[in-house]
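*Asks:*
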Amino acid sequence: MTKLIKSIVLALLVLICFVSQALGEIIGSVQTFQDMGNGIELNCTNAYLSIELITPEIARVRVGVKRPGAESRYLEDFSYAIREDLPKIKSSYKVKDNGKSILLSTTAIDVVISKNPVLLTFLDKEGFCLSEDFSPMSWLPAPEGQSVTCTKSLSYGEHFYGLGEKTGPLDKRRSKCVMWNTGEYGDDIRSDPLYQSHPFFIGLKENKAYGIFFDNTYRTHFDMGHTFEDRYIFRSEGGELDYYFIAGPLVKDVVKRFSFLTGYMPLPPIWALGHMICRWSYYPETEVMDIARRARAEEIPLDVIWLDIHYMDGYRCFTWDKSRFPDLSGMVSKLHAMGYKVVSMINPGIKADPRYFVFKEGIQRDAFVKYPHGGLYIGKVWPKECVFPDFTRLDVRKWWGSLYNGLLEAGIDGFWNDMNEPDIFHPQTGTMDDNAVFNDFGLNSSHKKIHNVYGSYMAKATLEGISRLMGKKRAFVLSRAGYSGLQRYAASWTGDNTSNFDHLRLQIPMFLNMGLSGTPFIGSDIGGFFKSASAELLVRWYQASSLVPLMREHNCRGEYDQEPWVHGDPYKSFIRKYINMRYRLLPYLYTCFYEASKDGSPIMRPLLYEYQQDSNTFTLDDQFLIGRDILVAPVLQEGAVRRLVYLPKGNWYDYETKDVLEGNRSMYYDAPLSMLPVFIKEGAILPTKEPGLYTTEKSIETITLEIFPLQTRDSSTSILYMDDGVTKDSPFVLFEFDMKKTENNLCIEFTRKGAFDGIKSFDVKVYSGPPRKVIIDNEETEFRYEDGVIYLTTTKDVKLVELIY
Ligand code: MIG
0 MTKLIKSIVL
10 ALLVLICFVS
20 QALGEIIGSV
30 QTFQDMGNGI
40 ELNCTNAYLS
50 IELITPEIAR
60 VRVGVKRPGA
70 ESRYLEDFSY
80 AIREDLPKIK
90 SSYKVKDNGK
100 SILLSTTAID
110 VVISKNPVLL
120 TFLDKEGFCL
130 SEDFSPMSWL
140 PAPEGQSVTC
150 TKSLSYGEHF
160 YGLGEKTGPL
170 DKRRSKCVMW
180 NTGEYGDDIR
190 SDPLYQSHPF
200 FIGLKENKAY
210 GIFFDNTYRT
220 HFDMGHTFED
230 RYIFRSEGGE
240 LDYYFIAGPL
250 VKDVVKRFSF
260 LTGYMPLPPI
270 WALGHMICRW
280 SYYPETEVMD
290 IARRARAEEI
300 PLDVIWLDIH
310 YMDGYRCFTW
320 DKSRFPDLSG
330 MVSKLHAMGY
340 KVVSMINPGI
350 KADPRYFVFK
360 EGIQRDAFVK
370 YPHGGLYIGK
380 VWPKECVFPD
390 FTRLDVRKWW
400 GSLYNGLLEA
410 GIDGFWNDMN
420 EPDIFHPQTG
430 TMDDNAVFND
440 FGLNSSHKKI
450 HNVYGSYMAK
460 ATLEGISRLM
470 GKKRAFVLSR
480 AGYSGLQRYA
490 ASWTGDNTSN
500 FDHLRLQIPM
510 FLNMGLSGTP
520 FIGSDIGGFF
530 KSASAELLVR
540 WYQASSLVPL
550 MREHNCRGEY
560 DQEPWVHGDP
570 YKSFIRKYIN
580 MRYRLLPYLY
590 TCFYEASKDG
600 SPIMRPLLYE
610 YQQDSNTFTL
620 DDQFLIGRDI
630 LVAPVLQEGA
640 VRRLVYLPKG
650 NWYDYETKDV
660 LEGNRSMYYD
670 APLSMLPVFI
680 KEGAILPTKE
690 PGLYTTEKSI
700 ETITLEIFPL
710 QTRDSSTSIL
720 YMDDGVTKDS
730 PFVLFEFDMK
740 KTENNLCIEF
750 TRKGAFDGIK
760 SFDVKVYSGP
770 PRKVIIDNEE
780 TEFRYEDGVI
790 YLTTTKDVKL
800 VELIY
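Numbering that gives the first Met the number 0 applies: residue 0 is where the sequence shown begins, and numbers increase by one.
Okay, structure coming up:
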C-alpha cells in the first residue's frame with residue numbers, strides 16, 4: 000500500500016516538474032505602460048512587451064525577458080530579413096486604458112492588450128477579430144536568449160498560406176513544419192525541413208487575411224493546428240519573441256506589406272527569363288558546345304547553359320579545370336556569339352589546401368568560421384576538408400564578392416550558390432557544428448543563430464560583389480538556401496527533386512507559397528533531378544513550367560539524359576511548342592517580373608490571390624495564375640489526357656482555340672500529351688513578341704497585343720513594361736491599356752510613360768466577331784478580319800482604338 004502511495008506521489012512529482020518545465024515562464028500581467036511615440040511599451044511581470052507601429056497596418060511585437068543585470072531590455076535590434084532601407088513611417092495612433100485592457104488603435108487596426116494575463120487581440124476596424132492569443136506568450140531558458148512560444152486561437156475554417164519552401168498542399172492548416180535549412184537527398188514527397196526558411200504565414204479567416212512574420216533565425220517550429228484542434232503555435236529554440244503582425248484584409252495587401260518589410264527582387268537581366276538547361280555536370284568543352292549547337296539545330300529556344308561543379312579544378316571555387324576547359328573565355332565567347340549566357344556554380348566550402356589561393360587569402364584575412372577556442376571549423380564537402388567564410392562580416396563579404404572577378408573576366412554571366420544551408424557531409428547533423436562561431440555584427444553568435452541566414456548572406460555577398468564588378472549590368476544569382484529577404488539577392492530553385500509525377504505535382508503549391516512568402520523568382524529542376532524522366536513526364540513537366548518564373552531543366556549525374564530533344568518526336572515538338580509560347584509571352588512575363596520588383600506581387604499566384612471572395616479557390620493548388628490574367632492548369636497525372644479545371648467567375652478564353660468559356664464552374668478539359676490547358680481572363684491585353692531562339696534574338700520593335708474583349712464586365716486595365724533588359728537604371732516605357740465596353744462598342748485607351756523607345760509599333764489582334772468599323776484616333780481605319788480575329792496595326796503613339804460593332 001505505502002509502496003503504491005509512494006509511487007503515485009513520485010509520479011505526481013514528476014508530472015508537476017514536467018508540466019512546469021514545459022510551460023516555462025509566462026509574460027505575467029501588465030504593471031505599467033508608456034507611450035513610445037511609435038507605439039507602446041508595457042512593463043509586465045516577467046518581461047517588457049513593446050508594440051511598435053511600422054505603418055498603421057504593421058505592428059511589431061517584441062518581448063524582452065527581464066534579465067537581472069542586463070544592459071538593455073531587448074536583444075540586439077538587428078534583422079537579417081528586414082530591408083536595410085525600410086522607410087520610417089510615422090503612424091498616428093491612440094492609446095486608451097480601459098481598466099482591464101489597453102487599446103492601441105491606428106487607422107487600420109485595433110490592438111487590445113488584456114492586462115492579466117497579458118493576451119493580445121488584433122481586430123480590424125469593423126471589430127472583426129483577425130487574430131488573438133490563445134495563451135500568454137511564454138519561454139524557457141535557452142543557451143542563447145530564450146526558447147519562446149506564441150500560441151494563438153485557431154478557428155474552424157481558417158486557412159494558412161506561406162511558410163516558404165514546404166511540401167504538402169497550398170493550405171497549411173493542420174500542418175506542422177520546422178525551419179532549419181537542410182540539404183535534402185531523398186525522394187520523400189513530405190520531407191521537412193528543406194533548403195530555405197521563411198518563418199512567415201498568412202491567415203485567411205472568413206475571407207479576411209492577416210500575416211505574421213516571426214523574425215527569429217534560430218530553428219523555429221510551426222504547428223498550424225496539427226497537434227491541437229483549437230490553436231496554432233510558433234516557437235523558437237533561441238533568441239527572442241519578435242514578430243510582425245500585418246493586416247490585410249486582402250491576401251494581396253499582406254504579401255505587399257510583407258515585401259515592403261523584407262524587400263523586393265531586383266529586376267533580373269531579361270535573359271534570366273529564358274529557358275535554361277543544366278547538368279551535373281556538362282563537361283568538357285566539347286560536350287558544352289555539342290549541347291549548344293544541338294539546341295539551335297533542334298530549334299528549341301534556349302538562353303542559358305549552366306556549369307555545375309565539374310568545371311572547377313578539383314572542386315576549388317573560383318578556379319576551372321584547365322584540361323576540361325582549356326580556354327574557358329574562348330568557349331564562353333563562342334557561346335555568347337550564339338546568343339547564350341553561361342552561369343556557373345560557387346559553393347561556400349573552400350578546400351583546406353595551403354596551396355590554393357582562396358584558402359590562403361582567407362586565412363590571411365581570418366575570414367573563416369572558427370570554434371569558440373579559436374581553431375578553424377573544418378567540414379567535409381565535395382573537395383573533402385573545407386573551411387567556410389563568415390558571411391556575417393562585411394569585410395568577408397567584400398572579399399568574397401571580389402573573388403568572382405576571374406570568372407567574370409572569363410565571360411561568365413551569372414552565378415549559382417549551392418550547398419549553402421550550409422550542407423556538410425556530417426553523418427548526424429548534415430551541417431556545421433552548433434558551437435561554430437560567427438561574428439554576427441560583433442555579437443559572436445553560434446551556428447544555431449546563423450545557420451538559417453548563412454545562405455542568404457552568401458547570396459548577398461555574391462550579388463553585391465558581382466554587381467560592383469559588373470558596373471551598370473544587372474546581375475543574376477541563384478541560391479539554394481535562404482531566409483526571408485533572400486529575394487533581394489537571388490532567385491531560388493527547389494533543390495534535388497525526383498523524376499516522378501508526385502514531385503511534379505508538389506512543386507506547384509511550393510512555388511505558390513514561395514511567392515506568397517515574398518520570394519517571386521522561383522523554379523524547380525524540370526524533369527526531376529534524381530532518376531530520369533520518361534518522355535511523358537518530361538513533356539508534362541515542361542508544360543507545367545512553361546510560364547514558371549525560373550525555367551531550368553536539370554539532372555543528376557549518372558541518370559539518363561533529359562534535354563528536351565532526347566525522346567525525339569512527337570515529344571520534342573510538344574515541348575518546343577510551349578517553350579515557344581513562353582518566348583512569345585516574354586513581354587507579358589517581363590511585365591510580371593517588373594511588378595514583382597516594384598511591390599512584391601507574386602509572378603505565379605494561387606487563384607485565391609485574385610479571387611479571395613471565392614472559397615472554392617482556398618485549397619486549389621493544381622492550377623495557378625501567371626500575373627493576373629493567365630490561368631494555367633497543367634496535367635499532373637501519369638496517363639491522364641483530360642483534367643478538371645476550375646474557372647473563377649467571369650468569362651475566360653481558351654488560349655488554344657480562343658473559345659469563350661463561362662466561369663464560376665469546374666469543367667473537364669481534354670488535354671492529350673500535346674496540350675497544356677491555358678485560359679485567359681476576359682478583358683486581358685497580353686503583350687507578346689515574335690519568339691526567337693533566345694530572348695533577345697527577335698527585336699521588340701513591334702509588340703503584338705492580344706486583346707481578349709470584355710464580356711461580363713465593363714472595364715479593365717492592363718499594362719506593359721519594357722526597358723533595355725540589361726542595365727540597372729535603363730530607361731523604361733510603361734504602357735497602360737484601358738479597355739471599356741459599351742453595348743456595341745469596345746474602346747482601348749493607350750497611355751504611355753517613360754523614355755525608352757525600343758517599342759515602335761503595335762500589331763493588334765482582337766479575338767471577337769467582325770466589327771462594322773474600326774476608328775483609331777478619330778479616323779476610320781482599315782482592318783483585316785479572319786477566323787474570329789481582327790488584325791490592326793498602329794504606332795506606339797496611338798491614343799484610342801475603337802471597335803464599333
Ligand atoms: O550534393 O553540384 O542541388 O543541383 O547538381 C549535390 C552538384 C550537390 C546539389 C544541387 C544540384 C547540383 C549538385 N549539388
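Think of the CB as a built atom: it goes at the ideal place given N, C-alpha and C, for glycine as much as any other residue. The model shown is predicted, which means the values in this text are computed figures rather than measured ones.
Can the beta-carbon of Met674 be found less than 9 Å from the beta-carbon of Leu643?
*Replies:* Cβ atoms of Met674 and Leu643: not closer than 9 Å.
*Asks:* Looking at C-beta atoms only, is the number of pairs between the segment 299-317 and the segment 366-379 that lie closer than 8 Å three or more?
*Replies:* The answer is no - the segment 366-379 does not touch the segment 299-317, with fewer than three Cβ pairs under 8 Å.
*Asks:* Are there 16 or more other CB atoms within 10 angstroms of the CB of Pro267, so buried, or fewer, so exposed?
*Replies:* With 16 or more other Cβ atoms within 10 Å, it is buried.
*Asks:* Keeping to the same chain, check which residues put their C-beta closer than 7 Å to that of Leu549; ignore five residues upstream and five downstream.
*Replies:* Closer than 7 Å at the Cβ level, and outside the excluded window around Leu549, lie Ala490, Trp492, Phe520, Ile521, Gly522.
*Asks:* Tyr281: beta carbon under 8 Å from a heavy atom of ligand 1?
*Replies:* No, Cβ of Tyr281 sits at least 8 Å from all heavy atoms of ligand 1.
*Asks:* Curious, which full-length alpha helix (DSSP H) runs of at least 4 residues does the segment 562-645 contain?
*Replies:* With a minimum length of 4 residues, the continuous alpha helix (DSSP H) runs that stay inside the segment 562-645 are 570-583, 585-598, 606-609.
*Asks:* Applying the criterion that 16 or more other CB atoms from any shown protein chain within 10 Å of the CB defines a buried residue, is Lys448 buried or exposed?
*Replies:* Its Cβ being crowded by 16 or more others within 10 Å, Lys448 is buried.
*Asks:* Going by the CB atoms, is the gap between Phe749 and Phe736 shorter than 9 Å?
*Replies:* Contact: yes.
*Asks:* How is the beta strand (DSSP E) around Ala294 delimited, first residue to last?
*Replies:* First-last for Ala294: 284-296, but that is the alpha helix (DSSP H), not the beta strand (DSSP E).
*Asks:* For Asn42, which of helix, strand or coil comes out of DSSP?
*Replies:* Three-state DSSP puts Asn42 in a strand.
*Asks:* State the start and end residues of the unbroken alpha helix (DSSP H) segment that holds Met330.
*Replies:* 327-336 is the span of the alpha helix (DSSP H), which, as asked, contains Met330.
*Asks:* If we ignore side chains and look at the alpha-carbon of each, how far apart do Asp762 and Asn777 end up?
*Replies:* Spanning the two alpha carbons is a distance of roughly 18 Å.
*Asks:* What is the DSSP secondary structure of Ile50, counted as helix, strand or coil?
*Replies:* Reduced to three states, the DSSP call for Ile50 is strand.
*Asks:* At a cut-off of 8 Å, is Phe528 close to ligand 1 when judged by its beta-carbon and the heavy atoms of the ligand?
*Replies:* True, at least one ligand heavy atom lies under 8 Å from that Cβ.
*Asks:* Looking only at its own chain, which residues have a Cβ that is under 6 Å from the Cβ of Arg539, when we skip the five neighbours before and after it?
*Replies:* Excluding sequence neighbours, Arg539 sits near Val634.
*Asks:* Quick one: using the 10 Å Cβ neighbour count with 16 as the cut-off for buried, is Val640 buried or exposed?
*Replies:* By the 10 Å Cβ count, Val640 comes out exposed.
*Asks:* Flag Cys277 as yes when its Cβ comes closer than 8 Å to any non-hydrogen atom of ligand 1, and as no otherwise.
*Replies:* Checking every heavy atom of ligand 1 against the Cβ of Cys277, one is found closer than 8 Å.
*Asks:* Any idea if Gln20 is buried or exposed, counting beta-carbon neighbours within 10 angstroms, 16 or more meaning buried?
*Replies:* For Gln20, the predicted structure reports a pLDDT of 49, less than 50, and the residue's modelled location is therefore unreliable. A value from the coordinates is still provided. Exposed, by the Cβ-count rule.
*Asks:* Can you list, in chain order, the residues of its chain whose CB lies under 8 Å from that of Ile775, leaving out five sequence neighbours each side?
*Replies:* Counting only Cβ-Cβ distances below 8 Å, and skipping sequence neighbours, we find Leu791, Thr793, Val797, Leu799, Val800, Glu801.
*Asks:* Using DSSP bridges, identify the partner residues of Asp241.
*Replies:* In DSSP, Asp241 forms a bridge with Arg61.
*Asks:* Can you tell which of Val677, Leu585, Gly400, Asp786 has its C-alpha closest to the C-alpha of Thr703?
*Replies:* Answer by Cα proximity: Leu585.
*Asks:* Please go through the same chain and pick out, in chain order, the residues whose beta-carbon is closer than 8 Å to the beta-carbon of Asn499, but skip the five residues on each side of it.
*Replies:* Asp186, Gly527, Lys530, Leu536.
*Asks:* What is the DSSP secondary structure of Lys379, reduced to helix, strand or coil?
*Replies:* Lys379 falls in the strand class under three-state DSSP.
*Asks:* Val725: buried (16+ other C-beta within 10 angstroms of its C-beta) or exposed?
*Replies:* Exposed, because fewer than 16 other Cβ atoms sit within 10 Å of the Cβ of Val725.
*Asks:* Could you check which residue in Tyr693, Phe159, Gly517, Ser78 has the C-alpha nearest to that of Gln195?
*Replies:* Answer by Cα proximity: Gly517.
*Asks:* Can you give me the C-alpha to C-alpha distance between Thr148 and Gly599, rounded to a whole angstrom?
*Replies:* Spanning the two alpha carbons is a distance of roughly 29 Å.
*Asks:* Please go through the same chain and pick out, in chain order, the residues whose beta-carbon is closer than 8 Å to the beta-carbon of Asn45, but skip the five residues on each side of it.
*Replies:* Around Asn45: Glu24, Ile25, Ile26, Gly27, Val64, Lys65.
*Asks:* Ser235: buried (16+ other C-beta within 10 angstroms of its C-beta) or exposed?
*Replies:* Ser235 should be labelled buried.
*Asks:* For a minimum of 3 consecutive residues, which ranges assigned as the beta strand (DSSP E) are wholly contained in the segment 104-136?
*Replies:* The qualifying runs are 108-113, 118-123.
*Asks:* Is DSSP giving Thr461 helix, strand or coil here?
*Replies:* Thr461 falls in the helix class under three-state DSSP.
*Asks:* For Pro353, is the classification buried or exposed, using 16 other Cβ atoms within 10 angstroms of its Cβ as the cut-off for buried?
*Replies:* Exposed, since its Cβ has fewer than 16 Cβ neighbours within 10 Å.
*Asks:* Output the distance between the C-alpha atoms of Met509 and Asn180, rounded to the nearest integer angstrom.
*Replies:* Answer to the nearest angstrom: the Cα atoms are 15 Å apart.
*Asks:* Looking only at its own chain, which residues have a Cβ that is under 8 Å from the Cβ of Leu468, when we skip the five neighbours before and after it?
*Replies:* Same-chain partners within the cutoff: Gly400, Ser401, Tyr403, Asn404, Leu407.
*Asks:* Looking at ligand 1, does it come within less than 8 Å of Asp307, judged from the CB to the closest heavy atom?
*Replies:* Under cutoff, so the answer is yes.
*Asks:* Bridge partners of Asn650, per DSSP?
*Replies:* Bridge partners of Asn650: Glu661.
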